[in-house]
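S.K.: My numbering applies: residue 11 is where the sequence shown begins, and numbers increase by one. This structure is in structure tokens; I'll ask about it shortly.
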Amino acid sequence: MKRLASWNVNGIRSASTKGFFEWLAAESADIVCLQETKADPSQLGKEFFEAKDEAGRPFSAFWSSARRRGYSGVAIYSRIEPRGVRTLGVSEFDDEGRYLEADYGDLVVASAYFPNSQEAGARLDYKLRFCDAVLARCDAIVAEGRHVVVAGDYNIAHEPIDLTYPKANEGNPGYLPEERAWMTRFLSSGYADTFRRLHPGEPGHYS
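Structure follows, in structure tokens:
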């Protein structure tokens with residue numbers, strides 16, 4: 011069984027000064043998905059490519075960065091060498107470093123940073139195109155007889171239980187009807203919200 015972890019680091023360079031490498035070593039995860047890395051590999055020191063766990067086992071690091079420096083970006087740290095890594099292959103998403111997947115044979119693990127729909131849904135159409143592209147990719151993987159995990163920051167609160175003040179957030183980015191409807195469609199397509207599978211109906215959990 012593989013152990014997976016996911017974290018929106020809100021800037022990998024900043025996180026590295028606040029215990030990221032210590033957390034990575036202690037977490038003992040086989041695969042770690044990161045979002046909002048806000049860095050291109052060319053901007054990073056060697057310590058970002060030589061990380062090890064507490065037993066001294068090395069991680070391989072894989073990156074998908076935004077063309078615009080200091081923005082978005084995802085990464086995967088893996089103690090297991092994948093057969094390969096890939097993005098969605100769609101320039102409007104790849105240019106923002108939104109999605110990266112690692113192929114482990116019968117399992118594909120993706121790190122995804124879903125766009126914020128922004129005020130008045132300014133980027134809602136873009137976000138929904140990304141959501142649909144991710145779902146299509148998941149369906150393609152499953153059609154091959156493989157399993158898929160999409161770990162990341164979805165920027166969607168699906169149900170009222172996922173917010174402290176759901177009524178006050180109606181119409182706000184991340185809780186728009188279109189976003190919630192897509193999440194319903196995603197879960198209705200045979201995929202599982204693993205947190206809610208383990209903690210059904212349990213309030214008070216927010217990221």
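In this text, a Cβ means the ideal position worked out from N, Cα and C, and glycines have one as well.
Does DSSP put GLN128 in a helix, in a strand, or in coil?
M.R.: The answer is coil: DSSP assigns GLN128 none of H, G, I, E or B.
S.K.: Taking Cβ to Cβ, would you say TRP73 is nearer than 8 Å to PRO92?
M.R.: It is not a contact, given that the beta carbons lie outside the stated cut-off.
S.K.: Might you give, ordered along the chain, the residues of its own chain that have their beta carbon closer than 6 Å to the beta carbon of TYR185, omitting 5 neighbours on each side?
M.R.: The answer, listed in chain order, is ALA167, ASN179.
S.K.: Output yes or no for whether 8 Å exceeds the beta carbon distance between GLY55 and GLY83.
M.R.: Not a contact, by the Cβ cut-off of 8 Å.
S.K.: Helix, strand or coil for ILE166 per DSSP?
M.R.: The answer is coil: DSSP assigns ILE166 none of H, G, I, E or B.
S.K.: Which residue marks the beginning of the alpha helix (DSSP H) containing TYR136, and which one marks its end?
M.R.: Taken as a continuous stretch (DSSP letters only), the alpha helix (DSSP H) holding TYR136 covers 134 to 153.
S.K.: Three Cβ pairs or more, each shorter than 8 Å: is that satisfied between the region 55 to 72 and the region 141 to 157?
M.R.: The answer is no - the region 141 to 157 does not touch the region 55 to 72, with fewer than three Cβ pairs under 8 Å.
S.K.: Going by DSSP in three states, LYS56 sits in which element: helix, strand or coil?
M.R.: Here LYS56 sits in helix by DSSP.
S.K.: Smallest Cα separation from LEU134: which of SER101, ILE151, ASP172, ASN182?
M.R.: Ranking the options by Cα distance to LEU134, first place goes to ASN182.
S.K.: Roughly how many whole angstroms lie between the Cα atoms of TYR175 and VAL42?
M.R.: Rounded to the nearest angstrom, the two C-alpha atoms are 31 Å apart.
S.K.: Let me know if ASP7 comes out buried or exposed under the rule of 16 or more other beta-carbons within 10 Å of its beta-carbon.
M.R.: There is simply no residue 7 to check, as the chain begins at 11 and stops at 217 in what is shown.
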